[in-house]
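Single-structure report; data block below.
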Amino acid sequence: MSGTVTWYVARSPLSSCRAGEVPHSIGYLNHLRELILWSNNLTGEIPSSLGNLSRLTIVDLSHNDLVGEILNSIGYLNHLRELVLGSNNLRGEIPSSIGNLSSLTNLNLSTNLLVGEVPPSFGNLNVLRVIYLGGNSLSGSFPISLANLTKLTEFSIYSNKFTSTLPSDMSGFHNLESFLVYDNSFVGPFPKSLLSIPSLQYLRLGKNQFTGSIELGNTSLSSFELDVLDLSHNRFDGPIPENISEFINLSYLFLDHNDFTGSIPRSISKLVYIHELHLSNNKLTGEVPSFIWGIPWTTLSHNLLSSFENSSQEIERYTLDLSSNSFTGPFPHWICKIKQLFLLDLSNNFFSGLIPSCLRNNMVYLAELSLSNNSFSGAIPDIFTNDSMGLLRSVDVSRNQLEGKFPKSLINCEALELVNVESNKIKDKFPSWLGSLPSLRVLSLRSNKFYGLLNHRHKSIGFQSLRVIDVSHNDFTGTLPPYYFSSWREMTTSTQGNDYMVNVVNELIQEFSFEPTIYRSIEMVVKGVDMRFERIREDFRAIDFSGNRFYGKIPVSIGFLKELRLLNLSHNSFTDDIPRSLANLTNLETLDLSSNNLSGEIPQDLGKLSFLSYMNFSHNRLQGPVPRGTQFQRQNCSSFTDNPGLYNLQEICGERHVPEPPSQHHEELPEEEEKMFNWIAAAIAYVPGVFCGLVIGYIFASDIQEWFTEKLG
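Next up, the structure:
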């Protein structure tokens, strides 16, 4: 009976159960031949008793949560043909005893936490066909002992810390089908001997430090089975060889992020099966040949390309990224004929003239539109019509010469997350209607000619999802009511939005394998320095109202924005006291209130903001003691200049004449601010996105600080 049970266990894979730890008693199953327990949430260490099962031919414990080291005793399982321990949390070095497994054909130790070098004893595994060691922290030189394993078909050591050059002659791997060494630190020239292997299908050398020009050698000896060639993220230079077209079965060619020069070889048009061609981030020049548009997926950005070959063919593609090249002239009208375009990026070129109205044709599927940093002029056309705006998430036309009105048709873009029109000449009132867009997270109107009020009576403020707003360097004016920021709930919490349309687009981005770029390419003043963000952190929250003509009190509701990282209200005409509610902004890193008409004292509780690394209170009418918090003592003296009534500056500015402190000082919250703060508390309903418009009356608290702590945390 026991023999039957043993045979049954040996022949039945128990995968996809939830088995806990591998019991030590498994070592008593003396007749066990196959142990297949992959993807079972197994925990703990591999039991040492496993080394007693001398009849084992297959051990597959992959895709579990096993820890500890690989047992040295596994090397004594003389009948073992497959050892698969990948995708666990195994640590330590690979035991050299594995080199004793003379029958081993499949070795998979990938995606663990293994360190050290590949044991030289692996050169004894003469029948080994598959070796997967990728996704660890293995180091040292290329394991030269493996070059003797002529039966290898799959060789994978990607994502480790290997250095050195590759062997000059690897033609001995004459059965090799895949050679994956990407994401290491290999150096030296292109290993052209690999291309003489007839069976080779997948060659991935990306993310290393290979140098020099690409010499393919005698292509008549080369692999015509080659399907994937990845040379990306290295330092290859010189022209792309014309005879690369001899690999007639190529489907995927990755040459991006190198230093290739010259033009795009026209011979690539002979690669009739090519599906993806990646040429971005090189130094390629000349025109884009028309055959490129017949390849479903291409990347051409960050080169020196300057023109397009004329083509009458109909173009169908999902993305068109021509950013950061040297294209000139008017907007290419042939782009308007592209069907199902998901991303259009022409940024950082030298295009000029009008943005054509025919772009409306592309809007059905478009998720991202970036025309920034060109010389486009005229008005932004009203192309965002009702029946075509299902997916649009990002519009960036910044750093051009655009003028006229802000396009009101953007109100139709319910999935819109980013609008950036900074550094143009747009002259219009503040587009308060954008506040109704449920997903708008980033809005930059910086450096234009916008004017008038930000706040309009009898209109909902909205902007419930806003995370970053920059309206600096315009001509806005007026006061901001105390409740102005009360509905900006995305700045009060770090909770991520769950907008359905955003999730749909994210799924599309994953499917098409390119990085989402919604939070990118925006310029802001950070710590007093103009900075350009190519990517914006998901947790970044910022308000920049600087360089306008706002006056009156700073809204006390600013204290509700607990996730705020940057606040810049400088170069306006704000008056009265600095709101004590600012002390609630515990994540604040940058605070600039300079060049206003603020009076009173700097709230002492600001000294408790541990992340506040930059602040500027200069050019106001402040008085009283400077808070003694560590962050204040690290500031430059210039952050407090032109406030004659400030004192306690000796540690910041050194010994200098400063006003003497008065004999007695009592810091109290002004009665008017106390009433106003409680009035706002009554007016705000803490249901996301709902603002209570009817105020029953004032609510008075006996201790304003206690109320503030209770409500705002």
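Read in the UniProt record's numbering, the sequence shown has 279 at position 279, and its numbers run on one by one without any break.
Note that the Cβ used here is the ideal one computed from N, Cα and C, for glycine as well.
Check residue 327 in the structure and name its three-state DSSP category. Numbered from its first residue, the sequence shown carries residue 327 at position 327. Coil at residue 327, not helix or strand.
What span of residues does the beta strand (DSSP E) with residue 315 cover, start to end? The residue labelled residue 315 in the question sits at position 315 within the sequence shown. Counting along the chain, residue 315 falls outside any beta strand (DSSP E), and DSSP gives it neither H nor E.
Is residue 247 helix, strand or coil when you go by DSSP? Along the sequence shown, one-based indexing puts residue 247 at 247. Residue 247: coil per DSSP, three-state reduction.
Measure from the alpha carbon of residue 62 to the alpha carbon of each residue in 41, 56, 68, 51, then state which is nearest. The residue labelled residue 62 in the question sits at position 62 within the sequence shown. It is 41 whose Cα lies nearest to the Cα of residue 62.
Distance, Cα to Cα, residue 36 vs residue 28? One-based indexing of the sequence shown puts residue 36 at position 36. One-based indexing of the sequence shown puts residue 28 at position 28. So the two alpha carbons sit approximately 17 angstroms from each other.
When DSSP labels each residue in this structure, what does residue 605 get in the three-state scheme? In the sequence shown, counting from the first residue as 1, residue 605 sits at position 605. Helix, per DSSP.
According to DSSP, is residue 291 helix, strand or coil? The residue you call residue 291 lines up with position 291 of the sequence shown. It is helical.
Using a threshold of 9 angstroms, state whether the C-beta atoms of residue 88 and residue 111 are closer than that. Reading the sequence shown from its first residue, position 88 is the one you call residue 88. Reading the sequence shown from its first residue, position 111 is the one you call residue 111. Yes, the Cβ-Cβ distance between residue 88 and residue 111 is below 9 angstroms.
Tell me which residues share the same chain as residue 366 and place their Cβ nearer than 8 angstroms to its Cβ, disregarding the 5 neighbours each side in the sequence. Locating residue 366 in the sequence shown gives position 366, counting from the first residue. Counting only Cβ-Cβ distances below 8 angstroms, and skipping sequence neighbours, we find 341, 342, 343, 344, 391, 392.
Below 6 angstroms CB to CB, which residues in the same chain sit around residue 567 once its five sequence neighbours on both sides are set aside? For this step, residue 567 is matched to residue 567 along the sequence shown. Taken in chain order, the residues that qualify are 543, 591.
Just the Cα atoms here: how many angstroms apart are residue 508 and residue 368? The residue labelled residue 508 in the question sits at position 508 within the sequence shown. The residue labelled residue 368 in the question sits at position 368 within the sequence shown. Per-residue confidence for residue 508 stands at a pLDDT of 37, beneath the threshold of 50, marking its modelled position as unreliable; no derived number is given.
First through last residue of the beta strand (DSSP E) which encompasses residue 82: Within the sequence shown, the letter at position 82 stands for residue 82. It spans 82-84 - the beta strand (DSSP E) in which residue 82 sits, taken as one unbroken run.
Just to confirm, are residue 625 and residue 602 a CB contact at a threshold of 9 angstroms? Residue 625 sits at position 625 when you count from the first residue of the sequence shown. Residue 602 sits at position 602 when you count from the first residue of the sequence shown. Yes, these two residues count as a Cβ contact at 9 angstroms.
Return helix, strand or coil for residue 415, following the three-state DSSP convention. Numbered from its first residue, the sequence shown carries residue 415 at position 415. Note: residue 415 maps to coil in three-state DSSP.
Beta carbon of residue 158 nearer than 9 angstroms to that of residue 204: Position 158 of the sequence shown, counted from the start, is the residue given in the question as residue 158. Position 204 of the sequence shown, counted from the start, is the residue given in the question as residue 204. In contact: residue 158 and residue 204 (Cβ atoms closer than 9 angstroms).
Residue span of the alpha helix (DSSP H) that contains residue 632, given as start and end: Counting from one through the sequence shown, the residue named residue 632 turns up at place 632. Here the alpha helix (DSSP H) through residue 632 covers 630-633.
CA-CA distance, residue 464 and residue 321? Looking up residue 464 in the sequence shown gives position 464. Looking up residue 321 in the sequence shown gives position 321. Rounded to whole angstroms, residue 464 to residue 321 spans 32 angstroms at the Cα level.
Please classify residue 672 as buried or exposed, where buried requires at least 16 other C-beta atoms within 10 Å of its C-beta. Residue numbering aside, residue 672 sits at position 672 when the sequence shown is read from its first letter. Reliability of the predicted coordinates at residue 672 is poor, the pLDDT of 49 falling under 50, and the value obtained from them is presented with this limitation in mind. That one is exposed.
Which term fits residue 202, buried or exposed, when burial requires 16 or more other beta carbons within 10 angstroms of its beta carbon? Translated into the one-based positions of the sequence shown, residue 202 becomes position 202. Classification of residue 202: buried, given that the 10 Å Cβ count is 16 or more.
Does the Cβ of residue 273 have 16 or more other Cβ atoms within 10 Å, making it buried, or fewer, making it exposed? Residue numbering aside, residue 273 sits at position 273 when the sequence shown is read from its first letter. Exposed is the call here.
Just reading off the beta strand (DSSP E) that residue 623 is part of, what are its end residues? In the sequence shown, counting from the first residue as 1, residue 623 sits at position 623. That run of the beta strand (DSSP E) goes 621-625.
In its own chain, which residues sit with a C-beta less than 6 angstroms from the C-beta of residue 278, not counting the 5 before and 5 after it? For the purposes of this step, residue 278 is identified with residue 278 of the sequence shown, where counting begins at 1. For residue 278, where only same-chain residues beyond five positions count, the Cβ hits under 6 angstroms are 254, 256, 299.
Would residue 611 and residue 584 be called neighbours here (beta carbons separated by less than 9 angstroms)? In the sequence shown, counting from the first residue as 1, residue 611 sits at position 611. In the sequence shown, counting from the first residue as 1, residue 584 sits at position 584. Taking 9 angstroms as the Cβ cut-off, residue 611 and residue 584 do not qualify as a contacting pair.
So, residue 593 versus residue 554, is the Cβ gap smaller than 9 angstroms? Taking the sequence shown and counting its residues from 1, one reaches residue 593 at position 593. Taking the sequence shown and counting its residues from 1, one reaches residue 554 at position 554. It is a contact, given that the beta carbons lie within the stated cut-off.
So what does DSSP say about residue 161, is it helix, strand or coil? The count along the sequence shown starts at 1 and reaches residue 161 at position 161. Residue 161 falls in the strand class under three-state DSSP.
Looking at the strands, I want to know which residues DSSP matches up with residue 770. This structure cannot settle anything about residue 770, because the visible part of the chain is limited to 1 through 713.
Taking a contact to mean a Cβ-Cβ separation below 9 angstroms, would you say residue 176 touches residue 197 in this structure? Position 176 of the sequence shown, counted from the first residue, corresponds to residue 176. Position 197 of the sequence shown, counted from the first residue, corresponds to residue 197. Yes, Cβ-Cβ distance for residue 176 and residue 197 is below 9 angstroms.
If you draw a straight line from the alpha carbon of residue 23 to that of residue 52, how long is it in whole angstroms? What you label residue 23 is simply residue 23 of the sequence shown in a count that begins at 1. What you label residue 52 is simply residue 52 of the sequence shown in a count that begins at 1. So the two alpha carbons sit approximately 14 angstroms from each other.
Boundaries (first-last residue) of the alpha helix (DSSP H) holding residue 651: Numbered from its first residue, the sequence shown carries residue 651 at position 651. It spans 650-653 - the alpha helix (DSSP H) in which residue 651 sits, taken as one unbroken run.
State the CB to CB distance for the pair residue 717 and residue 125, rounded to an integer number of angstroms; the pair is presumed to be in contact (CB under 8 angstroms). Nothing about residue 717 can be read from this structure; the chain reaches only from 1 to 713.
DSSP beta-bridge partners for residue 239? For the purposes of this step, residue 239 is taken as the residue at position 239 of the sequence shown. Bridge partners of residue 239: 261.
Close-in-space but distant-in-sequence residues of the same chain around residue 595 (CB under 6 angstroms, 5 per side omitted): Position 595 of the sequence shown, counted from the first residue, corresponds to residue 595. Correct list, in chain order: 570, 571, 619.
Just verifying my parser: in three-state terms, what is the DSSP assignment at residue 543? The residue labelled residue 543 in the question sits at position 543 within the sequence shown. It is a strand residue.
Do residue 446 and residue 474 have their CB atoms nearer than 9 angstroms? For the purposes of this step, residue 446 is taken as the residue at position 446 of the sequence shown. For the purposes of this step, residue 474 is taken as the residue at position 474 of the sequence shown. Yes, Cβ-Cβ distance for residue 446 and residue 474 is below 9 angstroms.
Burial state of residue 127 (16 or more Cβ within 10 Å): Counting from one through the sequence shown, the residue named residue 127 turns up at place 127. Under this definition residue 127 is an exposed residue.
How long is the line joining the alpha carbons of residue 59 and residue 38, rounded to whole angstroms? Here residue 59 refers to the residue found at position 59 of the sequence shown. Here residue 38 refers to the residue found at position 38 of the sequence shown. Cα to Cα, residue 59 sits roughly 9 angstroms from residue 38.
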